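Read in order, the letters of the sequence shown are residues 50 to 404 in the numbering used here.
Backbone N, C-alpha and C define an ideal beta-carbon position, used for all residues, glycine too.
Given the structure is predicted, the values throughout are model-derived calculations rather than measurements.
Take a look at the structure set out below.
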Amino acid sequence: MASLELAGLRTIVVTGGAGFIGSHVVDDLLDACPGAEIRVLDAFTYAANMANLDGAMRSGRVTLRQGDVGNLDLVSDVLRGAELVIHAAGESHADRAMVAPERASLSNAIGTQVLAEAAARWNVPLIVHLSTAEVYGSAGQMPSEASAMQPDNPLGASKAAAEMLLSGLRHVHGLDIRILRPVNVVGTRQNAEKLVPRFLELAAVGKPLSIHGNGNQRRSFLAVSDLCTALRTVITRGQRSGIYNVSAAESYSVLDVARMVLDAVPEPVAGVTFDRGRAANVDRAPVSTVAITALGWRPEASLRGELKHLAGWYRARLSPASRTVFRSVPDLVPGRPNVAIQPAGSGLFRSLERH
50 MASLELAGLR TIVVTGGAGF IGSHVVDDLL DACPGAEIRV LDAFTYAANM ANLDGAMRSG
110 RVTLRQGDVG NLDLVSDVLR GAELVIHAAG ESHADRAMVA PERASLSNAI GTQVLAEAAA
170 RWNVPLIVHL STAEVYGSAG QMPSEASAMQ PDNPLGASKA AAEMLLSGLR HVHGLDIRIL
230 RPVNVVGTRQ NAEKLVPRFL ELAAVGKPLS IHGNGNQRRS FLAVSDLCTA LRTVITRGQR
290 SGIYNVSAAE SYSVLDVARM VLDAVPEPVA GVTFDRGRAA NVDRAPVSTV AITALGWRPE
350 ASLRGELKHL AGWYRARLSP ASRTVFRSVP DLVPGRPNVA IQPAGSGLFR SLERH
């Protein structure tokens, strides 16, 4: 199978559909596939939220099953008759995976294996697996889809293991499994353990933004809306069992991100702290997107452009009582837990960049 026509789809399954990315995928496919019923399977761990599906459930075209993607009988039942499966379930936070690597392995690797086995039972026409650019580790140059997977943390390792399992199973069962490797995805509904929402919520209540290390580590970002268009592009135009990196063009240091957040949050006074950081908190090289741009996809959003909207969304979900202003004496020395307080939009980061 070369592609699917979205308008003709009748039954779609989205795993992890009550989470950040999964719920946006559900909303997007409801619009793109007007004749489809969407079945959501979600374990409802800490990162899922029923409120993420409020609008989708009102459509009358979404059904929800609670359960773990590692349950073969359950997954097989959910996948019966499916024409398209979007696999968005799994652990996605590097720090959590360091604390409990076995949980990441079970969810990301074994859960993905079970999903593929269930799909083989029903000969599902197309599966799209949402992996991560973390599988490349700290590659020294721009990795392409042909680059070796060299994960340098348990999260990346569990995602790489999932991809290897899918590679074996698709050959055995003749499955069409396409893989997306996005960089850091940002948008509404994201858990505040991730960098951008954490910064936005801290700044909204006037608390300092905690930066690991010196803040010079570079990261690439992708708006969840652009991820959804990339997903549709791969479904309709992608190669059988193709792999696609997905990223916006720009990359930023963590200090850049903090500066943009302070500029985007209008009211509270905010600043930064530095700590020693965590293991494997290193640069991430921008990924090559030649393969997916060859299909006609282009990112439309940028992190800077998204932040104003995101600042308002994350601020609105905080209670007014929590919006207090944190003040301390400015004294910025990376590597020590010091705090600097400056109004948003100030020249604070011009001095930081000299350290």
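CB contact check: residue i to chain D, cutoff 7 Å
i	result
D80	No chain D appears in this structure, which consists of one protein chain only.
Length of the line joining the Cα atoms of residue i and residue j
i	j	result
G116	M191	38 Å
V177	E250	32 Å
V315	D103	Residue identity differs from the one stated: residue 315 is Pro in this sequence, not Val. If I take the Cα positions, the gap works out to 29 Å.
A253	T94	26 Å
A131	L121	15 Å
Q266	A85	43 Å
A313	G354	10 Å
P257	D305	15 Å
V331	R129	43 Å
L356	H220	42 Å
A350	H222	38 Å
L367	V273	22 Å
S377	L224	Here S377 scores only 33 on pLDDT, less than 50, and its place in the model is too uncertain to base an answer on.
L271	P174	28 Å
T99	R88	Note that residue 99 corresponds to Met in the displayed sequence, not to Thr. Those two C-alpha atoms are separated by around 14 Å.
G79	V234	Sequence check: residue 79 is Leu here, not Gly. Cα-Cα distance, rounded: 21 Å.
A169	G119	15 Å
L218	T338	26 Å
I61	R289	18 Å
Which listed residue (the options) has its alpha carbon closest to that of residue i
i	options	result
A340	M147, S108, R230 and H178	R230
G262	G189, L204, F323 and S290	F323
R333	A298, G189 and K243	G189
N294	S180, S300 and F69	S180
P335	S196, L90, T112 and D76	S196
V111	G66, A169 and L164	G66
V163	L175, M309, L123 and T338	L123
L215	R268, N101, G160 and L58	G160
V321	T338, V303, S337 and V331	V303
A182	R289, E212, M99 and A165	E212
T237	E299, A365 and L311	A365
A137	W346, T60, V74 and I292	V74
S72	A169, G223, L367 and C277	C277
I171	L311, L133, F248 and V232	Going by the sequence as given, residue 171 is Trp instead of Ile. With distances taken between Cα atoms, W171 lies closest to L133.
V299	R347, I135, I70 and V62	For the record, residue 299 in the displayed sequence is Glu; it is not Val. Cα-wise, what sits closest to E299 is R347.
T342	Y301, A279, L218 and A307	A279
L58	R308, A81 and L311	A81
D275	L352, S187 and S125	L352
D76	T60, N101 and E54	N101
Same chain only: Cβ atoms within 6 Å of residue i, ignoring 5 sequence neighbours per side
i	result
R385	Confidence in R385 is poor, its pLDDT being 33 and thus under 50, which makes the residue's placement too unreliable to answer from.
S400	For S400, the predicted structure reports a pLDDT of 30, less than 50, and the residue's modelled location is therefore unreliable. A value from the coordinates is still provided. Cβ neighbours of S400 beyond the five flanking positions: none.
A198	Reading off the sequence, residue 198 comes out as Met, not Ala. These residues qualify, in order along the chain: V184 and A209.
A92	D117
A13	This structure leaves residue 13 out entirely; the chain is present only between 50 and 404.
A143	N202 and L204
L90	T64, R114 and V127
S296	V232, S269, L271, V336 and T338
G291	R227
beta-carbon residue i near the ligand NAP non-hydrogen atom, thresh 6 Å
i	result
I284	For the ligand NAP, the structure offers nothing, since it holds no ligand at all.
Close beta carbons around residue i, own chain, < 8 Å, minus the five adjacent residues each side
i	result
P83	A56
E140	A146, R152, A153, S156, N157, L204 and S207
S52	I284, T285, R286 and G287
F248	L258, V306, A307 and V310
S193	N294, V336, S337, V339 and A340
A165	I176, L214, L215, L218, R219, H222, L224 and I226
Contacts around residue i, its chain only, beta-carbon distance under 7 Å, and the 5 residues preceding and following it disregarded
i	result
A329	Because A329 carries a pLDDT of 49, less than 50, the predicted location of this residue cannot be relied on, and the following value inherits that uncertainty. Excluding residues within five positions, the ones whose Cβ falls inside 7 Å are D201 and N202.
S259	T322 and D324
Can you confirm whether the stretch 280 to 288 touches the stretch 348 to 366 when touching is taken to mean that 3 or more C-beta pairs between the two stretches lie within less than 8 Å?
Output reads no: the stretch 280 to 288 does not touch the stretch 348 to 366.
Quick check: the stretch 104 to 111 against the stretch 144 to 161, are at least 3 beta-carbon pairs closer than 8 Å?
The stretch 144 to 161, when compared against the stretch 104 to 111, does not touch it at the 8 Å Cβ threshold.
Within 8 Å, do at least three Cβ pairs link the stretch 200 to 209 to the stretch 231 to 247?
No, they do not touch.
Taking only runs that begin and end inside the stretch 282 to 339, name each unbroken beta strand (DSSP E) of 3 or more residues, in chain order.
Qualifying beta strand (DSSP E) stretches, in chain order: 292 to 295, 300 to 302 and 319 to 324.
Ignoring anything shorter than 3 residues or poking outside the stretch 136 to 193, list the beta strand (DSSP E) runs there in chain order.
Qualifying beta strand (DSSP E) stretches, in chain order: 175 to 179.
Identify every run of the alpha helix (DSSP H) within the stretch 179 to 267, keeping only runs that are complete inside it and at least 4 residues long; order them along the chain.
Counting only runs that start and end inside the stretch 179 to 267, the alpha helix (DSSP H) elements of at least 4 residues fall at 203 to 222 and 244 to 253.
In chain order, which beta strand (DSSP E) runs of at least 3 residues are fully inside the stretch 74 to 134?
86 to 91 and 111 to 115, all fully within the stretch 74 to 134.
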